[in-house]
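A.B. asks:
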Amino acid sequence: MDQKLANSVPRRRDHEGHPIGSLPVELIASIFVHCLPLHKNQFGPLTAPLLLTRICGTWRAIALRTPELWSCIAFKLFHVTCLTANVRMLDCWLERSAAHPLTLSLHACPPIDAAVPLISAQSARWKDVDLFFHPTTFAAFPNAALLLPQLRRLSLGCSPLRAGASPPSPITAFRNAPQLVEVSLIKLGPSSADLPWAQLTTFFCQCANLQDALSVLHLAPILLHLSIHLDCPLHVNSALPVPDFSPCLHPCLTSLTIKAHPAAPLPLHAVLGSLTLPALRSLAIPALLAEDTAPFAAFAARAPGLAELVLALAPLPRGALCAALAPLRALARLELTRAGTLPLCELLGALAADARGASAFLPQLSALHVDQLREAVPYAPLLAALEARGGRAAAEANKAPARLGSITIKAMHMAATRVPDPEYLARLETLKAQGLVISVSYL
């Protein structure tokens, strides 16, 4: 096996007498471990650990006898022609890693059933595992749960099924993992895997079924972070009724991110209307439509501690954006994408109006980021908001809301960022001198 690993490329001549040769073997081995790439290490003769076996006989011997060097295993297999070689190398690296905890990142588009017994036999050493396999490869795992005492992070991905193919049976091999807290499912929903949901704190799901993805809130009572990327379904039927999302009160969730393929149907108003998340601190959602603004305002009132919001904008009626954001009394950071000048002007106007009153709009806002602005930067309302909420006078006012200390605007084209009036430029420089972070640029 040493020959398989070390002779994948010719070795250089020995470098006896070099100062590093006087170091203890244990120290050299520790240095070797720090030579490992920061990314997940794929089989390759030009990176550690195989590279270390090429330098000299001493280094080769040390590298081959340092299990930690071989405990991070990764490959991406796209063609059947490489299958046998990758399985052979996987077997070699697993044996060389001895009893060290394993980090695995194995992606294979064609079936690679031969790898399943190799990695299953070492399940007690799994620590961080990322598997993206063909459905038949997942079917090759035993129905009985593997023993996974060290596993803390698990990512499972499945190649998409052909249209009309029957869905595979739920994956059951990974439910016995007492230390597992972070799970990612790619092209799979929670219904596709039997996992220890009750102990999870972080979950990422990329699938085409939003109902299935959100069902994790019922399965994982102590979940803190949830991120959903909604794929486009194989067949989009706009005539289908809006799914019925069952009401959910989740007391622990602190961050929620929902991203959607442009063609994926996303009934955001129904989703927001079904959720009560009193501990939520961070939220990122796709385009807010006119029909979503009232449900969003009601949702925001049920999340009184929401401090960070990332929001894409669709064309909205006048005043709708400010009405939706008004309940967010704790919001400290707001990021808007694909904003037009009209809603941005309304937002800036609301920030400037009655800035010192007890009922100030978004009273805790300290940072505003506007991305992909489609039109010209509205400098007049921008300066009015900054001077009311970010200037020195605002900071010194006894009853003033939080100081708006940072604003960033990225426009779609350079012409939109030009300052039309020297007076505006002078006022911007004055605000910057008072410590405000102001950036206006184009993509």
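The sequence shown begins at 16 in this note's numbering and counts up one residue at a time.
In this text, a Cβ means the ideal position worked out from N, Cα and C, and glycines have one as well.
On a predicted model such as this, the values are computed, not experimentally measured, just so you know.
Apart from the five residues just before and just after residue 154, which ones in its own chain have a Cβ nearer than 8 Å to its Cβ?
C.D. replies: 183 and 184, listed in sequence order.
A.B. asks: Determine the extent of the beta strand (DSSP E) in which residue 387 is found, giving its start and end residues.
C.D. replies: 382 to 388 is the span of the beta strand (DSSP E), which, as asked, contains residue 387.
A.B. asks: Thinking C-alpha only, which one of 218, 127 and 49 is nearest residue 81?
C.D. replies: Comparing Cα positions, the closest option is 49.
A.B. asks: Count the CB pairs spanning the region 353 to 372 and the region 304 to 318 that are closer than 8 Å, and state whether there are at least three.
C.D. replies: The answer is no - the region 304 to 318 does not touch the region 353 to 372, with fewer than three Cβ pairs under 8 Å.
A.B. asks: With DSSP collapsed to three states, give me the class of residue 123.
C.D. replies: Strand, per DSSP.
A.B. asks: Within 8 Å (strictly less), CB to CB, does residue 265 reach chain C?
C.D. replies: Protein chain content of the structure displayed is limited to a single chain, and chain C is not contained in it.
A.B. asks: First and last residue of the alpha helix (DSSP H) that includes residue 442?
C.D. replies: Residues 437 to 448.
A.B. asks: Per DSSP, what kind of secondary structure is residue 50 in: helix, strand or coil?
C.D. replies: Residue 50 falls in the coil class under three-state DSSP.
A.B. asks: Please state whether DSSP places residue 221 in a helix, a strand or coil.
C.D. replies: Strand, per DSSP.
A.B. asks: Look up residue 392 in the DSSP assignment and say whether it is helix, strand or coil.
C.D. replies: Looking at residue 392 - three-state DSSP - the assignment turns out to be coil, as it is neither helix nor strand.
A.B. asks: Starting from the C-beta of residue 159, find all residues in its chain whose C-beta is less than 6 Å away, skip the five residues before and the five after it, and write them out in chain order.
C.D. replies: Hits under 6 Å: none found.
A.B. asks: Run through DSSP, which three-state label would residue 359 get?
C.D. replies: Three-state DSSP puts residue 359 in a helix.
A.B. asks: From 190, 450 and 362, pick the residue whose C-alpha is nearest to that of residue 167; which is it?
C.D. replies: It is 190 whose Cα lies nearest to the Cα of residue 167.
A.B. asks: To the nearest angstrom, how far is it from the Cα of residue 452 to the Cα of residue 419?
C.D. replies: Roughly 9 Å between the two C-alpha positions.
A.B. asks: Report yes or no: do the region 65 to 76 and the region 87 to 104 share at least 3 C-beta pairs separated by less than 8 Å?
C.D. replies: The region 65 to 76, when compared against the region 87 to 104, does not touch it at the 8 Å Cβ threshold.
A.B. asks: Return helix, strand or coil for residue 201, following the three-state DSSP convention.
C.D. replies: Strand, per DSSP.
A.B. asks: Quick one: using the 10 Å Cβ neighbour count with 16 as the cut-off for buried, is residue 222 buried or exposed?
C.D. replies: By the 10 Å Cβ count, residue 222 comes out buried.
A.B. asks: Is the CB-CB distance between residue 424 and residue 366 below 8 Å?
C.D. replies: Cβ atoms of residue 424 and residue 366: not closer than 8 Å.
A.B. asks: Identify the residues that DSSP records as bridge partners of residue 163: which are they?
C.D. replies: None, per the DSSP bridge assignment.
A.B. asks: Could you check what DSSP says for residue 254 in three-state terms: helix, strand or coil?
C.D. replies: Caution applies to residue 254, whose pLDDT of 49 falls short of 50 and renders its modelled position unreliable; the value that the coordinates give is listed next. Coil.
A.B. asks: My parser needs the alpha helix (DSSP H) runs of 4 or more residues fully inside the region 54 to 109; what are they?
C.D. replies: Fully enclosed alpha helix (DSSP H) runs of 4 or longer: 72 to 79.
A.B. asks: What's the gap between the Cα of residue 323 and the Cα of residue 111?
C.D. replies: So the alpha carbons of these two residues sit roughly 47 Å apart.
A.B. asks: Using a Cβ-Cβ cutoff of less than 7 Å, which residues in the same chain neighbour residue 211 once the five nearest sequence positions on both sides are dropped?
C.D. replies: Here the set comprises 190, 192 and 195.
A.B. asks: As a quick exercise: from 270, 169, 138 and 307, pick the residue whose alpha carbon is nearest that of residue 292.
C.D. replies: The residue with the shortest Cα to Cα distance from residue 292 is 270.
A.B. asks: Per DSSP, what kind of secondary structure is residue 310 in: helix, strand or coil?
C.D. replies: Residue 310 falls in the helix class under three-state DSSP.
A.B. asks: Just to confirm the assignment, what range does the beta strand (DSSP E) spanning residue 299 have?
C.D. replies: 297 to 303 is the extent of the beta strand (DSSP E) around residue 299.
A.B. asks: Could you pull out every residue in the same chain whose Cβ sits closer than 6 Å to the Cβ of residue 200, ignoring the five residues on either side in sequence?
C.D. replies: Correct list, in chain order: 171 and 220.
A.B. asks: In whole angstroms, what is the alpha-carbon distance linking residue 390 and residue 288?
C.D. replies: Rounded to whole angstroms, residue 390 to residue 288 spans 32 Å at the Cα level.
A.B. asks: Residue 275 and residue 304 look like a contact to me (Cβ under 8 Å); what is the Cβ gap, rounded to whole Å?
C.D. replies: Rounded, the Cβ-Cβ distance is 12 Å, inconsistent with contact.
A.B. asks: In the DSSP assignment, the alpha helix (DSSP H) including residue 426 goes from what residue to what residue?
C.D. replies: Premise fails: residue 426 lies in the beta strand (DSSP E), 421 to 426, not in any alpha helix (DSSP H).
A.B. asks: In terms of DSSP beta bridges, what is residue 147 paired with?
C.D. replies: Its beta-bridge partners are 122 and 172.
A.B. asks: Please report the distance separating the alpha-carbon of residue 20 from that of residue 129.
C.D. replies: Any answer about residue 20 is weak, because its pLDDT of 47 lies below 50 and its placement is not dependable; what the coordinates show is given next. Cα to Cα, residue 20 sits roughly 20 Å from residue 129.
A.B. asks: Please report the Cβ distance between residue 78 and residue 62, rounded to the nearest whole angstrom; I am assuming they are in contact, meaning their Cβ atoms lie under 8 Å.
C.D. replies: With a Cβ gap of about 12 Å, residue 78 and residue 62 do not count as contacting.
A.B. asks: In whole angstroms, give me the CA-to-CA distance for residue 345 and residue 374.
C.D. replies: Those two C-alpha atoms are separated by around 12 Å.
A.B. asks: On a CA-only basis, which of 40, 206 and 340 is nearest residue 379? Give me that one, please.
C.D. replies: When each option's Cα is compared against that of residue 379, the closest is 340.
A.B. asks: Alpha helix (DSSP H) containing residue 237: first to last residue?
C.D. replies: Residue 237 -> no alpha helix (DSSP H), and no H or E assigned at all.
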